[in-house]
Structure formats: C-alpha cells, structure tokens
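S.K.: All residue numbers for the sequence shown refer to numbering that gives the first Met the number 0, where the first residue is 0 and numbers rise by one.
Yeah, the Cβ is synthetic: ideal placement off N, Cα and C, and Gly gets one too.
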Amino acid sequence: MNSRASRTIQRNLLLPLVVLIVPILMIQGYIYYDLFRTRRASELQANLELARAVGVAFNSFVQDVLHQQISIALTATASPPLSSQDLTKVLSRSEGYYACVSSFSWVDPNGRVVASSNPELIGRVLSKKEYFPEIASGREWALSNLFVSEVTEEPIFSISHLAHDAQGSILGVVVANVRAGGLQEVLSFERAKHAGVSLVDKNGMLVAAYPDREFSWGQRNWLELYPQKVKEAIHGREVVATVLSGKSGRKRLVGVAPIPSLGWVAAASRDEEDVMRAILSNLMTHGTLFLAVTLAAFATALALYRPISASITLLRKQTLALGGGETGTLSVPSGPSEIRDLAESFNKMAEMIRIREIALRDSEKRFRCFMDNSPCIAWIKDEEGRYVYLNKTFESCFGVREEEWRGRTDFEVWPPEIAEQFWKSDKLALDRSHLVDVMEDAPNPDGGSSTWWNLRFPFRDASGEKYVGGIGLDITERKRAEAALRESEERLRRVVENMPMMMDALDQESNIIVWNRECERVTGYSSEEIVGNPRALELLYPDARYREGMMSELADLGFDFRDKSYMLTCKDGKERTISWSNISASFPIPGWHTWAVGMDITELLQASKALRESETKFRLIAENTADMISQHEPSGRILYASPSAERILGYRLEELIGSTPEIATPKEDLIVALRAIREAAKKGADRFRVQHRMRCKDGKIIWVETNGSLLYDENEGLKQIQCLIRDMTERIQMEESLRESEERFRILSEKSLVGVYLIQDGVFRYVNPAFAKVHGYTCEEIIDRLKPEETLPPEDKEPVMAAIRRRISGESIAEKREFHIKRKDGSIREVEIYGVRVVHNGHPAILGTLIDITDRKRMEKELRLARDELEGKVRERTAELARRNKELESFTFVAAHDLQEPLRKIQTFGDLLATRSGSMHERAFDYIERMRRTAFRMQEVLRSLLAYSRLTSRAEPFERIELTRIASEAVTDLELQIQEAGASVEVEELPEIEGDAGQIRQLFQNLIGNALKFSREKEPPEVRIFGEIVEGTCRISIADNGIGFDEKYLDKIFQPFQRLHTGKEYSGTGIGLAICSKIVDRHQGTITATSVVGRGSTFTVTLPQRQIDTEEVRLLQQ
C-alpha cells in the first residue's frame, strides 16, 4: 500500500504535465514527418523528370549518329565506288564530328572491316559480335550493349546502320564505336554536389555517369546491385526509389526512366543526406526549443515533488545501507505515518534476512568448495541471461573474474556470434525444462578458440525464480583430431576421384559402384549412367562373347592381376584399350567386392609402335603424361622438358630448356639429388630415386619424387640423365597431417583425468596414466601384460568378460556399464566404463574410457539413508498432529452442543421478563434487552462452531458433481436476500469435478452471502461466478463490486472469528470464510482473494478435477 501511495503522489504531480505534452509531441512529430515526406517526394519527382530529359538527350545523340551513318553509307555505296583511301578519309572526318566516337567503320556483308577511321580495326571480323546478327537479319539499325574494346580495352558500345540496295540485298554496315567515358557532353546536366545522372544498357550495365567516376566492371552491373528497380525500368516502367549506393555505401534518391526507342534506361539521383540537410537544420532548432520547454516543465514538477519525497529518499538510503551489510535500524523522523510503518516492517524483515543469510553462506561455502575443485567449468545464469555464478575452473580457462561478470549477459562479455549461440542454448533448456547438451565454441584468452561439450539444466530457487545452470568439458583436441581425420579422408576421396588413373569397383552382383572422373573422361559415360546400372557392362563391352570371355578370365585370375588389357567401347562408339590392374584380393576395401585401377593405353600402344621408328613418337608419350619428364647433360643443363613442366612448375618450356637445375631446385635439395646420382654412377647402376623439393616460378615450394635413368657411352662414361618427376606434395602433406593427428591424440590421452584403454586379443594394448592410477599399476605393468579378467573380482568377471566378447564381435552396441575392479593392492573400486568397437591394425578391438565412481556411490548411499530417516520423522509428526486435531474437533463439537441448552433457557427467561416489563424501571428493561441480544449472538456463534466442526465429522464421500447446477442452487437458496438487496448474480458455465456436493454448495452460499453483506451504500450489489480448467485444475472465481478490503489482511480473513469491521457495521460471527477455507482444504485445494478498497473483491478457489485419497497422496509424496 505504501508503494502504491508513492506511485499515486508521483502520478498526481506529473500526469497533468504528461497529458499536456504528449498531444503536442504527437502533432510536432507529424509535422516533422510530413515535411520529410513532402521534400523527399519532390526530390524523387525532380530526379525522374531529369532522367526523362537525359533519355531524350541520349536518344537525340543516337539519332544524330544514325543520320551521319546514313550519309556514310550513301557515300560508300555511290557509283563509281570510292577508293579505300577516300572512304577512310570520309570515316575519319565523321569521327571528328563527335568527341565521344572512337571510330567509324565500313563492314562488308560477311562482317569483315573493310575501312575504318581506326587502322587497327581493318581486317577484323565482327560477325560474332552480339549486335551484328541482328543487323544481318535485315534490321535497319542496332544499338549494342556495353562491352570492352579488344583494341583499347576500354568500355564502349556500338551504333550500327545497315546499307542495302533497292532489292534489299545487304551492301554493308556502318559501325560507330562510342567510348562510354566520352558521353560527358551528352550527360552534362549541372547539378548540386553528390548528384548525378547515369545511362544503363539493356543488360543492366552502367554505361556512363555524370560527373564521371571510375567504376569496376562489378560496380557497373546495376542489374545485380539493384535487380528489382533496374528490371522494372528495362521492361518499360518508370521507377522512383531510395537505394543504397554500391560505390559510396550512402542512400540516394533515384528516378529511373526507360528510353523506349532504344531499350536503355536513364537515371538521375542525388544523395539523400544533401536533400534533407537544410530541413534537418530547421527542425533541429525547433526541436531544441521544444525540448528546453519540456525539460523546464519536468524540472518544475520535480521541484514541487521534492519536499514530499524527502522522507522516502531517506528511507531508501537507509534501506540500501542495510542491504549493503551495515547494521542498525531504519528511522524516519518526519514524513507520513505510512512511511514510518514501512521502516518498522523493514527492520523486522532485515532481522529475518540476517538469520537466513548465515545459513545461506554456510550452504554456499560448501557448494563453492565442491564446484571450484571440479575439473569442469560451471556457471549459473538467471532467466534474463545474467551471470550469477562462475566456478574457479571457468575463471582460469577464460581468464576472467566472477566479480567482473556477475550481473552481465553473454552479449556484454562474448563476441556477438558466440553470445547468440549461448543465448539460444539457454533458452532451449528453459523452454524444454530438461537437460540440454550441445557442442559450442568459445574464444580463449590467448586469441584462439576451444570447443566445449556443455550441459545445461533449468531449476528454480526457493522463491520460484527460474535459473539455468551449466557445466562444460573442453573437447577441443578431440574435435581437432576428428576434423583432421575427416580432412584426410576427404583428400583421399578427392585424389581417387580426380587422379589421372581410371578406377572402378564392383559389388557381389558385378554391378559397378565406383566410376571416377577419369573413367567418365575416357569412356564418355557419366557416373550417373554407369553406377548402379545392371546393364553397364553391356554398354562398355557390347560384344557378348568378348564380355563373357573377359569375365571368365577375371574369375580365373581371382581378382589379383597386373596390367591386363581389355578393349571397351566408348559412348561415341570408339574403342579404347585399357590396361587394368586389380589388387583388391591383397587390399580389400569394405563394401567393395572387387576394385581395379586402369590406364587408357590406346595412345600408348600406338606411340609404342612409333617409338621404335622415330624419336618423335617418344615425344608424343612424354608430352601426354601427367608427370614431368626431363633430359639433362652430365653437368645438369636441361636438354628437354615435357609440357607438364609448365603445369607443375609454372615455367615456360623456353625458360627451362638450356638452363641449369638451379632455376627450379633449391641449393640444398640440388646437393641431395647430385649425391644420389654420384652414388648410382659410382656403383655402375643405371637408375636412381630421390625425394626433394622444387621451387615453382611463383615461389611456391613443392615436394617431388625423381626416378632417374643414367645413360652411359661405350667407354662407360655418363652420357645423359633422364628423369621422371612426380609431384608428391599432397601425399607428403597427408602423411604429415596424420602424424600430427596421432601426436594430438597421444597428448590428450596422457593428460586426461579420465582413464582410456584399448583391449585387443584379450590383453590391454594401451592404457593412459589415469587408467593405470585407478588400478594401482604403472602403464608398463598393464600394456601387453595384464588381461582384463585379472582386474575383476570373481562376482563381476563372467558378466563383464561376456560383454567384452559381445562388443568385439559386434553383437551389442556401445553403452555405459558399472561394475567393480580389483586393484593391485587387492582393494575393490567401483567404476563406470564406456567402450566402442574399433579396428586396430586390421583386427577388432575395444576403445573406451573409465571413471572411478566409488566416492560418488558412497555419497549417494549416505544421502538415501538420511532421506529415509527424515521421512520417518515426518510421518510420525504428521500422525501426532492429526490425532490432536481430531481431539480438538471433538471437544469443539461437544462444547458447542452442550452450551446450546443453557443458552435456550436464558433466552426463554429473557423473553418472559420482556413480556412482563411494564412495571420495571427503564434501566432494568435496557439490561434485559442487552441480555437477549447477547444470547442471540452467542447462539449464532455456537451454530457456526457446530457447522465448522461438522465439516469433517459429517462429510459425505466425493462424487462427480456439476458446479454450474450447485452454484445455481446456492443462488436459489439466497433468493430472498438477493431480492432485498436488489442484487444481480450471474453464474457462467462451470466445469465438472469430484467433490462433496453439500460442502461445495455451502462454499458458494458463504461467498455469495459475503458479497451481499459487504456491499456499498446506494449501489446494487453485482456478483459474477465464473471458472475454467487450467492443467487439470478447476479455478473458480466469485467477483463482486462491494466495499473491498486492504490486502494486507489477506492472511487473517480466513481464520475463525477474525473480522475487519465491527458488529454494529456489519452482522456476522467471523467464521464464514474460515468454513470456506476448511471446505477447500478437505478438497485438497486453495482459496485466496484480491481486492481494492472501495472497488470490490474477487475470491479465487482452486480445486483438483479428480480427488486423490489419503493413501494415494502419501504414495505420491514418497
């Protein structure tokens, strides 16, 4: 009530000023908006008008050029014809008329330039230009789109005009090339700063702009930058809009008008900021003045409020000091009495809070001790996403302090994308109300990033506030290892798919299931046509006898052969010879029945024959290989290099041939290669092999493998060195990635606090230090020595070993399992393991983790014992309270019943005395009347007590009842009172529930009677009864327009004999609402009320739809 009074004071002071200012603000805002809208619309219309003018100007320019072209065509086709020199002069003279025209050309009907004002164009063929076919089809003239000149490499466009004779035969074409940058004279419409005009061709490309600016080809593509607006204009619609400039990034007001006769578009635009700057300056002055007046009004209101709020401010300061930990009591020497009452209430509340804080600090100390020593990060946030707790592990992992983060959200401490990710995970946990686990990335203090496995769970505190808690485990290294493995597999797949060797694979039914790109290239059949096609072999080997013989031969070879040649038929009908090698028997691949690699040796066979006849045929082979072939003098000078050298090294053949190896080989690698050559020559060998690096022309270093042959002369002197150089960069990088991946796994395993093991062939092949520590051994004592059954107690040995055998055989899936182990010292520990089946060195094995849960299990057992002991004490105390309550109810019933007889005698004697009071003194008569009234009130109290006690002793069993019917019957019972009060009672449709019909009827009668009794003078009572079902619970509300009550007395009105008014004001015993409360308690429900003094009350009763007996309640509680 005090806070409500405070708000009323503020509202009464400030509301008139707010009511006055808000309409003025709205009107002023509309005026500003209308000025903006009008100015913007005017500017857009002006730009559109200017765009139309630009279109007219450019159309006039095009027509002028066409007229000049007609003159040139008449001159070129005149009889007798002009010489080439005279025609060139005519074209050059015409070019001089236009500053923006780079050339005029005369083109014959075949598209060849015969004469031109630009000599570089003579002889060029224009028939493939996009505009020439249009002219050649008979159109009089054509305007091309923007393109880049092959001669000047600048953006240009062409205007072409057809010349033909009287019969319509084409005599030639006059072509004018116009520089896009030279159109400034056509577009020179002087405008304000940051304003301009533009021309756009039919493809949406910006041709020219005024003022002239440099544009990249991408910035010219208006169809991509402003697709919707440009498309509409190209299709003939005028457009006005505000767009974001692709060059400056600023908003511009644009008017776009099509040029119908040309198919082009003209545009005029101006910077929106320039347009609005003047009006913004004017509005700023008006706004500043208006703001000053507004602030002055509020300052005056606050000055008037200050004396009233002084006492409230003092109370607030003292309360904040008390909340900050200071001791003492609150004291307000002046101000309203309500504020002094509030100070006293705060004093009582502060004392209770101090007691609770002591217990809370002890609990928090234990919680923090546990969480700060956990290897996992942990945190708690409130429902708004603000941090309220961080453990020490969290602080050390991210280099933060809990005091700095408390009260801040993720968006205040993390990068936006990380904060968004965390917020979504928190919201998911709160919405689903259960545990959520997710993999998330978070930045490290050193600038790197880590991957965390985070578990989030929602919970509520004692006050019902919702929180989300979380714990996380760093799995960065594991994710990196998995990513490296995936990258390695993907690189291998790309190698197989893109290697210059054919590769296919077949399933059990001889259907092709792998068909790489080299197979597609050689045969012409795509993978979609071959893979899974049961007729694929018929397509490739259409001769049935040849196909059957080939398959029979392959079956006899057992899919283990080298260099078997077979002839297949390509999609274009040509036959090609493929040399196949199949080693799938030695290197099987899961899912493939057999696989082979092949090489198209059609050309190789032809070249082999020619090789014996001429060195030319040798070059044919060398120049078609993917590897680099080179020949060297003994000194190292390069005599020959195959074309693949250009692809591998980036040098042209002319740069390599005649040079020394230093051109492409680092010095230290050249020394390695020369040493290998000298050692081979010293031994008299004719071959050598060496791996070394080479340097490409762009500076990139690659790894290669050189297989060389040494040719000797008749005197056994070294004559020539021949080399086959293969790029090994990718393979070496894959091997290095694999080594790095293995090293990361080793470090992760050895540093982990979780035990890791590998079981194969009945022995531990690998364990990490954490696993060995749990068992009491060293790693060396376990690896390749200890068997799993030797670590198990007798009772767990057989089931655990059976599970291991099933897991290795693949009969069971991976799952967590708890059992006991026997340590080296003979002690028993309880552990939790998780294992998956893997293939290690070609054999099945189990890779898994182990966690010691002995301490956790012991704590769980202690907690269960404590819980059972507490539940027993609660049941004993509940039974004792029920027995005493039963005795008290019996005593109340007997006492009230026995007192009624003496009371009736008192009333009878009082009535007799009243009838014979004629000779009595006036004071004696007054005493008799007081005695009668007191006896009557006493009788009402006794009746209420009997009714209250009978709620339990004479209760009826629960049954299905219709609340609408029972409420209507209660209204009928009170019909006389309703009519006397002139009241109206509305009963809406109510649900059905299980309950005691008589008691529910009494509940409605008491609540309706209360509403009739506590009504306002001169205002007819109005009572409304309504209800609904909410999550299996029936909620009934009885609302009235009576006198209401102060809600601070809400806890008292449901207690027996508690009254908020005197008996003279309103009759009654004060037990009616207590009866209602007891009826609701018996039905396992609740009753409460909301009220505003002078505005009525609403009583809300909540009852379960289905009643549960006492035994069921006890079981549910357990």
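1. Between Gly54 and Ala207, is the Cβ-Cβ spacing less than 8 Å?
2. Based on the DSSP secondary-structure assignment, which residues constitute the bridge partners of Phe458?
3. Given this structure, state the Cα-to-Cα distance separating Gln183 from Arg276, to the nearest angstrom.
4. Please report the Cβ distance between Ile1052 and Leu1072, rounded to the nearest whole angstrom; I am assuming they are in contact, meaning their Cβ atoms lie under 8 Å.
5. In the DSSP assignment, what residue or residues form a beta bridge with Trp413?
6. Less than 8 Å separating the beta-carbons of Phe1025 and Gly994?
7. What are the complete beta strand (DSSP E) segments, minimum 3 residues, inside the stretch 647-730?
8. How many Å lie between Glu667 and Glu654 at the Cα?
9. Going along the chain, which residues of its own chain have a beta-carbon closer than 7 Å to the beta-carbon of Glu988, five neighbours each way excluded?
10. Give me the residue from Ala482, Val495, Ala535 with the minimum Cα distance to Asp506.
11. Whole angstroms is fine: what's the gap from Ala844's alpha carbon to Ala584's?
12. Identify the continuous alpha helix (DSSP H) that holds Met800 and give its terminal residues.
13. Within its chain, find whatever has a CB closer than 8 Å to the CB of Val1092; leave out the 5 residues flanking it on each side and keep chain order.
14. Hey, Met370 and Asn346: beta-carbon distance below 8 Å or not?
15. Ser983 and Glu1021: beta carbons closer than 8 Å?
16. Quick one: which unbroken alpha helix (DSSP H) runs of 4-plus residues sit fully inside the stretch 93-171? Chain order, please.
17. Would you mind reading off the limits of the alpha helix (DSSP H) that contains Phe397?
18. Exposed or buried, what is Tyr756 when buried is set at 16 or more other beta-carbons lying within 10 Å of its beta-carbon?
19. Considering Val229, what are the terminal residues of the alpha helix (DSSP H) in which it resides?
20. Rounding to the nearest angstrom, what Cα-Cα distance links Phe1098 and Leu1006 in this structure?
21. Give me the Cα-Cα distance between His473 and Ile700, rounded to the nearest whole angstrom.
22. Within this structure, are the beta carbons of Arg111 and Gly122 separated by less than 8 Å?
23. Which residue from Arg730, Thr299, Leu638 puts its Cα closest to that of Lys718?
24. What's the gap between the Cα of Phe1013 and the Cα of Gln998?
25. Does Leu1049 come out as helix, strand or coil in the three-state DSSP assignment?
26. From the DSSP secondary-structure annotation, give me the bridge partner or partners of Val513.
27. Please classify Thr601: does DSSP put it in a helix, a strand, or coil?
28. Give the secondary structure of His592 by DSSP, where H, G and I count as helix, E and B as strand, and everything else as coil.
29. Which whole-angstrom value describes the C-beta separation of Leu161 and Val61, a residue pair presumed to lie in contact below a C-beta threshold of 8 Å?
30. Which one or two residues does DSSP pair with Asn453 in a beta bridge?
31. Report all residues from its chain with a CB closer than 7 Å to the CB of Gly195; omit the five preceding and five following residues, and keep chain order.
32. Have a look at Thr151 and Val177 and give me their C-alpha separation to the nearest angstrom.
33. Taking Cys396 as the reference, give the member of Arg405, Ile71, Pro442 with the closest Cα.
34. Using beta-carbon positions only, say whether Ala179 and Pro154 come within less than 8 Å of one another.
35. Thinking C-alpha only, which one of Arg686, Asp107, Ser78, Gln68 is nearest Arg92?
M.R.: Taking the coordinates as given:
1. Between Gly54 and Ala207, the gap from beta carbon to beta carbon reaches 8 Å or more.
2. Answer by DSSP bridge pairing, in chain order: Tyr466.
3. Rounded to whole angstroms, Gln183 to Arg276 spans 28 Å at the Cα level.
4. Going by Cβ atoms, the distance from Ile1052 to Leu1072 rounds to 5 Å, so yes, they are a contact pair.
5. Residue pairing from DSSP leaves Trp413 without any beta-bridge partner.
6. Going by C-beta atoms, Phe1025 is not nearer than 8 Å to Gly994.
7. Along the length of the stretch 647-730, whole beta strand (DSSP E) runs at least 3 residues long occupy 686-694, 700-711, 717-726, reported in chain order.
8. Each residue's CA atom was taken as its position, placing Glu667 and Glu654 some 22 Å apart.
9. If the five residues before and after Glu988 are omitted, its C-beta is found closer than 7 Å to the C-beta atoms of Thr963, all from its own chain and listed in chain order.
10. Comparing Cα-Cα distances from Asp506 to each of Ala482, Val495, Ala535, the minimum goes to Ala535.
11. Each residue's alpha carbon lies about 23 Å from the other.
12. 793-808 is the extent of the alpha helix (DSSP H) around Met800.
13. Ile1042, Gly1043, Phe1044, Asp1045, listed in sequence order.
14. Between Met370 and Asn346, the gap from beta carbon to beta carbon reaches 8 Å or more.
15. A Cβ-Cβ contact shorter than 8 Å links Ser983 with Glu1021.
16. Taking 4 residues as the shortest admissible run, the stretch 93-171 contains the following complete alpha helix (DSSP H) segments, listed from N- to C-terminal end: 131-135.
17. Note, Phe397: alpha helix (DSSP H), 391-397.
18. By the 10 Å Cβ count, Tyr756 comes out buried.
19. Unbroken alpha helix (DSSP H) run through Val229: 226-233.
20. Using only the alpha carbons, I get a separation of about 8 Å.
21. For the record, residue 473 in the displayed sequence is Asp; it is not His. Here the alpha carbon of Asp473 sits roughly 37 Å from the alpha carbon of Ile700.
22. Cβ distance < 8 Å, so Arg111 and Gly122 count as in contact.
23. Per the Cα distances, Leu638.
24. Distance between the alpha carbons of Phe1013 and Gln998 is about 23 Å.
25. When DSSP states are grouped into helix, strand and coil, Leu1049 belongs to the coil group.
26. According to DSSP, Val513 bridges with Ala504.
27. It is helical.
28. His592 falls in the coil class under three-state DSSP.
29. So it is not a contact: roughly 15 Å between Cβ atoms.
30. Looking at the DSSP assignment, Asn453 forms a beta bridge with Val437, Gly471.
31. Excluding five sequence positions before and after Gly195, the CB atoms of its chain that fall closer than 7 Å to its own CB belong to Ala208, Tyr209, Pro210, Ser268, given in chain order.
32. Cα-Cα distance, rounded: 12 Å.
33. Cys396 has its Cα closest to that of Pro442, out of Arg405, Ile71, Pro442.
34. With contacts defined as CB atoms closer than 8 Å, Ala179 and Pro154 qualify as a contacting pair.
35. Nearest option by C-alpha distance: Gln68.
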